[in-house]
Amino acid sequence: MEKKSAMVLVVVIGVILLGVVIAGKQSQDSLLKEVLKRQAEILKAQARIENQLLVPDSGGLSGILSRQQDLERRVAVLENLLRGPQAGGPQQAQRQGPPPEDYTKIYDIPVDHSPVRGNPNAPVTIVAFNDYQCPFSARFHPVILDVLKAYPDKVNFIIKNFPLSFHPQAIPGAKAVLAAGGQGKYFEMADALLADNKDLSEERFKKEAEKLGLNVEKFMKDYKDNDARWQDIIQKDLTLGQNVNVQGTPTFYINGHKSSARDLDSWKKEIDNVLNDPASK
């Protein structure tokens, strides 16, 4: 298997049909049909890409990355279609793609409501925008745990929620983690769900809560009764993610910079660069 440093992202498909403003019924019908057709194609392609993670000898991560990048371009075309005639219509959309990543830009990512794992005063902060049902979020989470072990006092870690619309169990997973946080087991629950995210049902949450030594009755009460609170936190994370140009999960930031690191060696290089930079001291 090739190094996991290839940047593999699950594409965010922002299809909000109610936001489409089109003059004329005929134009609307035509555009909606095109959008629905392309949306169906993209979702099928995304499912195929996710399944590749479970198949040995499927072309390696570089092959998956290539297919993922093609899917991102198709999503960009779909987004331009949704903007309607003002964006130049389908012909103009075909010529446009996602903007290139800017790894030099520093984004403001406040800690806000998010728990911090590790030394809160560490000079390096890694933020992950995760989806608990996303196979890629699950795949790269253990690498972050290795990073924290390698830099116990120098690096801390924050999770922001970015549930994708085509992962219906992502929001329940995020709520379970938040509810576990009420008993001091936020990251422990996150680790458990990302270690095996095939089943994100309430029964699974109960089992994990019991394994973690939580008061299961209180956990489930918090999970359900605080639904509006959890929704508000998740929505704040989603809005933040959109503001800092998150396009898929997982998306990582190191001291505000987007990071392409996906294996331990790559993370060490980025972290050491930060630690050795006089400006960061």
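Those letters in the sequence shown? Residues 1 to 281, per UniProt numbering, in order.
Just so it is clear, CB atoms sit at the ideal spot from N, CA and C, and this is done for glycine as well.
- Between H257 and I106, the gap from beta carbon to beta carbon is short of 7 Å.
- Within the DSSP bridge table, the entry for V155 names V124 as partners.
- Taking all protein chains shown into account, N197 has 16 or more neighbouring C-beta atoms within 10 Å of its C-beta and is therefore buried.
- Secondary structure note for H141: it is in no beta strand (DSSP E), and the uninterrupted alpha helix (DSSP H) holding it is 135–150.
- L212 is positioned such that its CB atom lies no closer than 7 Å to that of K175.
- Within the segment 217–261, the complete alpha helix (DSSP H) runs of at least 4 residues fall at 227–243.
- With contact defined as three or more Cβ pairs closer than 8 Å, the segment 164–171 and the segment 108–118 are not in contact.
- Beta-bridge partners of F129 (DSSP): K160, T251.
- Under the criterion of beta carbons closer than 8 Å, V127 and Y253 qualify as touching, at roughly 4 Å.
- Straight across, the Cα-Cα distance linking F129 with R204 is about 23 Å.
- Remark: C-beta atoms of F162 and D131 approach each other more closely than 7 Å.
- Taking C-beta separations shorter than 8 Å and ignoring five residues to either side along the sequence, the partners of K160 in its chain run I109, S114, V127, A128, F129, N130, D237, L240, G241, following chain order.
- Bounds of the alpha helix (DSSP H) holding E210 are 202–211.
- Secondary structure of I109 (DSSP, three-state): coil.
- Residue burial annotation: V147 is buried, with at least 16 other C-beta atoms found within 10 angstroms of its C-beta.
- Spanning the alpha carbons of T251 and E210 requires a straight line of approximately 31 Å.
- Distance from the CA atom of D263 to the CA atom of V246, rounded to whole angstroms, is 20 Å.
- In the DSSP assignment, P172 falls within the unbroken alpha helix (DSSP H) covering 170–181.
- Straight through space, the alpha carbons of A122 and V111 are spaced by roughly 13 Å.
- Comparing alpha-carbon positions, the option among A138, F136, Y103, P152 lying closest to P120 turns out to be P152.
- Per DSSP, Y186 is one residue of the alpha helix (DSSP H) stretching across 186–195.
- In the DSSP assignment, S266 falls within the alpha helix (DSSP H) that extends over 264–275.
- Distance from the CA of C134 to the CA of L200, rounded to the nearest whole angstrom, comes to 11 Å.
- With contacts defined by Cβ atoms closer than 7 Å, T125 and N255 form a contacting pair.
- With a contact defined as Cβ atoms closer than 8 Å, M220 and K207 miss out at about 12 Å.
- Taking C-alpha positions only, Q235 is separated from S165 by approximately 13 Å.
- Exclusion of the five residues before and after I233 leaves H113 as the residues of its chain whose Cβ lies within less than 6 Å of its Cβ.
- The C-beta separation of A261 from L194 comes to about 17 Å, leaving the pair out of contact by the 8 Å criterion.
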